[in-house]
Amino acid sequence: MPLSLIPTLLISIVALEHLYIMYLETFATASKKTSETFGVSTQELRTPTISVLLKNQGIYNGMLALGLIYSLFFASAPLEMVTVFLLIIVAVALYGGFTSSKSIIFKQGGPAILALLSLLLFN
């Protein structure tokens with residue numbers, strides 16, 4: 016059974032956000048925008064260790080996005096699958112918020128939490 020329109024839109028936004036994060040981390044690793052987004056100098060982003068770590072992390076973000084997209088449009092149990100992926104995103108955002116920057120909870124966790132709430136309200 017497909018999901019309602021509002022959850023589908025919110026989950027799509029979460030997927031797009033993670034695709035964008037993947038782009039920044041994996042393809043635009045040493046760009047000015049990546050530097051501004053993560054608060055790290057472009058010189059530091061060019062160091063091999065940081066660059067490899069970011070690219071690896073970018074792949075994880077891309078896989079989360081692909082998991083959400085697959086769950087929305089191809090899965091036989093979309094509600095169950097999107098719930099799992101959204102809970103993973105919220106857990107990772109909470110961890111990032113406690114270990115790195117509190118803003119991660121709102122920037123990455125916020126849209127996922129809204130999507131989860133929409134599943135409860137509209138499905």
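For the working numbering, add 15 to where a residue sits in the sequence shown, where the first one is 1.
Ideal Cβ positions, reconstructed from N, Cα and C, are used throughout, including at glycine.
| Query | Result |
| --- | --- |
| Cα-Cα separation between residue 39 and residue 49, rounded to whole angstroms | 6 Å |
| Inter-residue spacing [alpha-carbon to alpha-carbon] between residue 18 and residue 28 | 15 Å |
| Whole-angstrom distance between residue 123 and residue 32, CA atom to CA atom | 8 Å |
| Residue closest to residue 55, alpha-carbon to alpha-carbon, out of 115, 120, 130 | 115 |
| For residue 86 and residue 16, the rounded distance between their alpha carbons | 12 Å |
| Buried or exposed by the 16-neighbour rule on C-beta atoms within 10 Å, applied to residue 63 | exposed |
| Contact check, residue 130 vs residue 80, beta carbons under 8 Å | no |
| Simplified DSSP state of residue 112, which is helix, strand or coil | helix |
| Contact set for residue 22: own chain, Cβ-Cβ below 8 Å, skip 5 residues either direction | 97, 130, 133, 134, 137, 138 |
| Residue 91 - DSSP class collapsed to helix/strand/coil | coil |
| Buried versus exposed call for residue 108 [16 or more other C-beta atoms within 10 Å across all chains shown] | buried |
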